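Student: This structure is in C-alpha cells; I'll ask about it shortly.
Residue numbers (the working numbering): 18 to 398.
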C-alpha cells in the first residue's frame with residue numbers, strides 16, 4: 018500500500034481548489050442526481066398528506082431542502098478535511114455516540130415514535146443518535162482494524178474484540194428498539210471485518226450463532242412475528258401488518274414502464290402511510306415507472322462502483338476501510354429498503370439514502386459522503 022499524502026497541509030482546511038487534489042466528478046454526479054430526485058419525490062409523495070395535516074403542501078419539501086442544505090454544507094466542509102483527522106478523534110466520536118444512545122433511553126429526553134424511543138428532541142427538530150452511531154462506529158472500526166490487521170485472523174486477539182465492539186453498539190440500539198438500523202450497522206461492520214482479512218471459518222461460526230440470536234430477537238417481540246407473517250402472506254391481514262406492503266405493491270404495479278406521471282400517484286392519497294419516508298421508492302415507481310426506478314438504481318450502482326474504486330485505490334489501510342465502510346453502509350441500506358418496498362424481505366423501517374424524508378438520515382449520509390470524497394482525492398483513480 019502507498020503511504021498517506023505527505024503534503025504538509027494535509028491536516029489543514031481550505032476552500033481553494035488549488036490547495037486540494039482532484040474531485041471525483043462521477044461520484045459527485047451520482048450523489049447530486051440522487052439528492053435532486055429525492056427532493057422532488059419528497060414533495061410529490063408528501064404534498065397531499067402535508068396539505069391535510071399542516072395546511073401546507075410544501076411542509077415536508079421545505080424541511081427536506083433545509084436538511085439537504087445543512088447536509089451539503091457539512092459535506093463541503095468535511096470533504097476538505099484530510100481523512101487522517103478522523104483517526105485522531107475516532108474514540109471521542111464513538112464515546113459521544115454511545116452517550117447519545119444512552120440519553121435517548123431516558124424518559125423526557127428520548128422521544129417515542131412508532132413504538133421506538135429513537136429520537137432526541139432539539140427545538141422544533143429531532144436527531145436520531147443511532148444514525149450517527151453508524152458513522153462513528155465505521156470510523157473507529159477502520160482505525161482499529163487497520164492497526165490490528167495482523168491479528169485479525171486470531172479469534173481472541175482480533176476477531177472477538179471487533180465483534181464485542183460491534184454488538185455492544187447493536188445491543189444499545191436494540192434497547193430503543195431499532196432493528197433496521199441495527200442490522201445495517203452489523204452488516205456494514207461485518208463487511209469491513211471480512212475485507213480486513215478475518216477467517217471465513219470464524220464467520221461461519223458467527224453465522225450459526227447469529228441465526229439463533231436473530232430468531233430469538235424476532236420471537237421476543239410479537240410485532241416482529243407479525244411482520245414475518247405479513248411478509249409470507251400480506252393478504253392474511255390486509256388491514257393490519259400486511260397493509261403497507263400491499264399498498265406498496267399496488268403503487269408499483271400500475272406504474273408500468275413509463276409510470277403515471279410525476280405528481281399523479283394514487284397511493285399517496287392516504288393509502289400508503291407517510292409515503293415520503295420508508296416507501297418513497299414505491300411512489301417513485303408509480304409515478305416514473307420502471308424507467309424511473311431503474312434510473313435511480315443505476316445512480317446507486319454508480320455510487321457503489323465509485324465508492325469501491327476509492328476504497329481499492331486508497332493510499333493506506335485506514336482510508337481504504339473508511340471508504341469501504343461508508344460505501345457499504347449506504348449500499349446495504351439501499352438494498353434493504355428497496356427489497357422491503359418490492360416485497361422481498363419483511364418491513365424493517367429503514368429509509369432510502371438520499372431520497373427518503375428525514376433530517377438525521379440525510380445529514381448523516383451527506384456528512385459520510387464528505388469523508389468519502391476526501392479519501393477519493395488521495396486515491397489513484
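All C-beta atoms, glycine included, are put in the ideal place defined by N, C-alpha and C.
All figures in this text were calculated on a predicted structure; none of them were measured in a lab.
Any idea if residue 183 is buried or exposed, counting beta-carbon neighbours within 10 angstroms, 16 or more meaning buried?
Tutor: The residue is buried, with at least 16 neighbouring Cβ atoms inside 10 Å.
Student: According to DSSP, is residue 369 helix, strand or coil?
Tutor: Three-state DSSP puts residue 369 in coil, outside helix and strand.
Student: Roughly how many angstroms separate the alpha carbons of residue 159 and residue 252, rounded to a whole number?
Tutor: Computed Cα separation, rounded: 44 Å.
Student: Alpha carbon to alpha carbon, what distance is there between residue 161 and residue 33?
Tutor: For residue 33, the predicted structure reports a pLDDT of 48, less than 50, and the residue's modelled location is therefore unreliable. A value from the coordinates is still provided. Approximately 33 Å, taken between the alpha carbons.
Student: For residue 350, which residues of its own chain have a beta-carbon under 8 Å away from its beta-carbon, when the five flanking residues on both sides are left out?
Tutor: Here the set comprises 201, 367, 368, 369 and 370.
Student: What is the DSSP secondary structure of residue 127, counted as helix, strand or coil?
Tutor: If DSSP states are grouped into helix, strand and coil, residue 127 belongs with the strands.
Student: Restricting to Cα atoms, I'd like to know which of 313, 288 and 151 is closest to residue 378.
Tutor: Checked all of 313, 288 and 151; the closest Cα to residue 378 is 151.
Student: Between residue 264 and the ligand SAM, is there a pair consisting of the residue's CB and a ligand heavy atom that are separated by less than 7 Å?
Tutor: The ligand SAM is not among the ligands present in this structure, which contains no ligands whatsoever.
Student: For residue 7, name the three-state secondary structure that DSSP assigns.
Tutor: Because the chain here runs from 18 to 398, residue 7 falls outside it and cannot be looked at.
Student: Of the residues 245, 87, 56 and 228, which one's Cα is nearest the Cα of residue 77?
Tutor: If we check each option's Cα against that of residue 77, 56 comes out closest.
Student: How close, in whole Å, do the beta carbons of residue 277 and residue 304 come, if the pair is a contact with beta carbons under 8 Å?
Tutor: Right, the Cβ-Cβ distance comes to about 6 Å (below 8 Å), so this counts as a contact.
Student: When DSSP labels each residue in this structure, what does residue 74 get in the three-state scheme?
Tutor: Residue 74 falls in the coil class under three-state DSSP.
Student: Could you check whether the segment 336-354 touches the segment 312-324, counting it as contact only if at least three pairs of C-beta atoms, one from each stretch, sit closer than 8 Å?
Tutor: The segment 336-354, when compared against the segment 312-324, does touch it at the 8 Å Cβ threshold.
Student: Enumerated in chain order, which unbroken segments of the alpha helix (DSSP H) with a length of 4 residues or greater are wholly contained in the segment 155-192?
Tutor: Runs found: 177-191.
Student: Report back the beta-carbon spacing between residue 138 and residue 122 to the nearest angstrom; my notes put them in contact at under 8 Å.
Tutor: Incorrect: roughly 14 Å between the Cβ atoms, too far for contact.
Student: Going by DSSP in three states, residue 143 sits in which element: helix, strand or coil?
Tutor: DSSP places residue 143 in strand when its eight states are reduced to three.
Student: Candidates 387, 269 and 246: which alpha carbon is nearest residue 258's?
Tutor: Comparing Cα-Cα distances from residue 258 to each of 387, 269 and 246, the minimum goes to 246.
Student: What does the alpha-carbon distance come out to for the pair residue 44 and residue 324?
Tutor: Approximately 7 Å between the Cα atoms of the pair.
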